[in-house]
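S.K.: If you count the sequence shown from 1, position 29 lands on 29 in UniProt numbering, and the numbers rise without skipping.
Please find one structure pasted underneath; my questions will follow.
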Amino acid sequence: MPASAYVGPRAAVYGNSTVSGNARIEGMAWVNSGATVTGNAIVRDSALVQGGANLSGNVVVGGDAEPAIDCGSGTYLMFNPDRGCNGAGGEADVNPAHGTFTDADLTLGSGPSPSPSPSPPPPPSPSPSPSPGPSPSPSPSGGARTCSATYVITNAWQGGFQGDVTVRAGSSAITGWTVTWTYTNGQAITQSWNAMVTSSGAGVTAGNVSWNGSLGAGATTAFGFLANAGATNSVPALTCTARWRTPLPPTGGRGFSPRPCDSR
Numbered sequence: 001m002p003a004s005a006y007v008g009p010r011a012a013v014y015g016n017s018t019v020s021g022n023a024r025i026e027g028m029a030w031v032n033s034g035a036t037v038t039g040n041a042i043v044r045d046s047a048l049v050q051g052g053a054n055l056s057g058n059v060v061v062g063g064d065a066e067p068a069i070d071c072g073s074g075t076y077l078m079f080n081p082d083r084g085c086n087g088a089g090g091e092a093d094v095n096p097a098h099g100t101f102t103d104a105d106l107t108l109g110s111g112p113s114p115s116p117s118p119s120p121p122p123p124p125s126p127s128p129s130p131s132p133g134p135s136p137s138p139s140p141s142g143g144a145r146t147c148s149a150t151y152v153i154t155n156a157w158q159g160g161f162q163g164d165v166t167v168r169a170g171s172s173a174i175t176g177w178t179v180t181w182t183y184t185n186g187q188a189i190t191q192s193w194n195a196m197v198t199s200s201g202a203g204v205t206a207g208n209v210s211w212n213g214s215l216g217a218g219a220t221t222a223f224g225f226l227a228n229a230g231a232t233n234s235v236p237a238l239t240c241t242a243r244w245r246t247p248l249p250p251t252g253g254r255g256f257s258p259r260p261c262d263s264r
């Protein structure tokens, strides 16, 4: 395997498979025996390259995709045996997004403890005192929601490069994020994964997708891209904007008890 190819510490390459050129095997990706990954191909996340597959060019395989074909272009992020090598972008995740919150976000308030009633003298028994109702649950902690983003060039070749951006939530949980930057050396993004990336001139905007917008306090997620570049390829300054949407309360009324089944 040439020195320019890369296999990450948690990735696996088995048997007589071949990884060459500028190919990268990242994350927990798996390359089965008999597969070939070459060129600028990238296999990442939990993808599994089946034996006999031949990945080349600028193809990107991630998520839970399991390609078993020859392919040199496009982004493939989901297990879909019916999809051929069509050069299109990555699929949208069909699973609903879910949030990750801090202990403070999920803390429920407790009602006041009633004072013990003195034991009445017999024979008459006093009516029982009503128990105080529980206090309402507090809303998730307020304040400004923040995030930060870090841009790293992970691989470069003549006329192009691969970049990764790590997004980190601030001291409070967030449910969405947007990262923006402006290139100063004519760079142009050609492919991306794990984010919705758009360009307008030199300006780039990257927003979360359904499965990686919700981050607990201090938690991180990452997205990547391929881009064209000239002789100068400086790292731009990034701006990260966080979003927060209050979760819906659980359904059901207070004090609800199921009605017993009538066996008659």
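Built from N, CA and C at the ideal position, the CB exists for glycine as well.
Note down the Cα distance separating A68 from S33, rounded to an integer number of angstroms.
M.R.: Spanning the two alpha carbons is a distance of roughly 12 Å.
S.K.: Just list the residues that DSSP pairs I174 with in beta bridges.
M.R.: In the DSSP output, where bridge partners are listed per residue, I174 has L215.
S.K.: Tell me the rounded alpha-carbon separation between A149 and C240.
M.R.: In a straight line, the C-alpha of A149 is about 6 Å away from that of C240.
S.K.: Is the segment 223-238 touching the segment 192-202 in the sense that three or more CB pairs, one from each, lie closer than 8 Å?
M.R.: Short answer: they touch.
S.K.: What are the start and end residues of the beta strand (DSSP E) that includes D164?
M.R.: Start and end: 160-169.
S.K.: Do three or more CB pairs link the segment 197-215 to the segment 180-187 at distances below 8 Å?
M.R.: At 8 Å Cβ cutoff, the stretches touch.
S.K.: Reducing DSSP to helix, strand and coil, say where I69 ends up.
M.R.: Coil, per DSSP.
S.K.: When the distance is taken between beta carbons, is V167 closer than 7 Å to C147?
M.R.: The answer is yes: Cβ separation under 7 Å.
S.K.: State buried or exposed for A229, treating a residue as buried only when at least 16 other CB atoms are found within 10 Å of its CB.
M.R.: Buried: at least 16 other Cβ atoms inside 10 Å.
S.K.: Helix, strand or coil: how does DSSP classify S199 here?
M.R.: DSSP places S199 in strand when its eight states are reduced to three.
S.K.: Can you grab the Cα-Cα spacing for the pair G163 / V235, in whole Å?
M.R.: Computed Cα separation, rounded: 10 Å.
S.K.: Of the residues V7, Q158, L55, which one's Cα is nearest the Cα of G27?
M.R.: Of V7, Q158, L55, the residue nearest in Cα terms is V7.
S.K.: Is it right to say S200 is buried, meaning 16 or more other beta carbons lie within 10 angstroms of its own, or is it exposed?
M.R.: Exposed.
S.K.: Mapping the DSSP letters down to three states, classify V49 as helix, strand or coil.
M.R.: It is a strand residue.
S.K.: Please look up how many angstroms separate the CB atoms of N155 and N22, rounded, as I've assumed it's under 8 Å.
M.R.: Sure, about 6 Å apart at Cβ, within 8 Å.
S.K.: Going by the beta-carbon positions, is the gap between V179 and L215 smaller than 7 Å?
M.R.: The answer is no: Cβ separation not under 7 Å.
S.K.: Specify, as a first and last residue, the run of the beta strand (DSSP E) that S148 falls within.
M.R.: 147-157 is the extent of the beta strand (DSSP E) around S148.
S.K.: Only counting the same chain, and skipping five residues up and downstream in sequence, which positions put a Cβ closer than 7 Å to that of N16?
M.R.: S33, G34.
S.K.: Report back the beta-carbon spacing between D64 and C85 to the nearest angstrom; my notes put them in contact at under 8 Å.
M.R.: Between C85 and D64 the Cβ distance is about 18 Å, and since that is not below 8 Å, they are no contact.
S.K.: Pick out whichever of G72, G213, L77, M78 has its Cα sitting closest to the Cα of G87.
M.R.: When each option's Cα is compared against that of G87, the closest is G72.
S.K.: Measuring straight from C-alpha to C-alpha, what distance separates R24 and A11?
M.R.: Spanning the two alpha carbons is a distance of roughly 10 Å.
S.K.: Count the other C-beta atoms from every protein chain shown that fall within 10 angstroms of the C-beta of W177, then say buried if there are 16 or more, exposed otherwise.
M.R.: Buried, because 16 or more other Cβ atoms sit within 10 Å of the Cβ of W177.
S.K.: If I measure Cβ to Cβ from I153 and keep anything under 6 Å in the same chain, skipping five residues before and after, which residues do I get?
M.R.: Excluding sequence neighbours, I153 sits near F161, G163.
S.K.: With 16 as the cutoff for other CB atoms within 10 Å, does R44 come out buried or exposed?
M.R.: Its Cβ being crowded by 16 or more others within 10 Å, R44 is buried.
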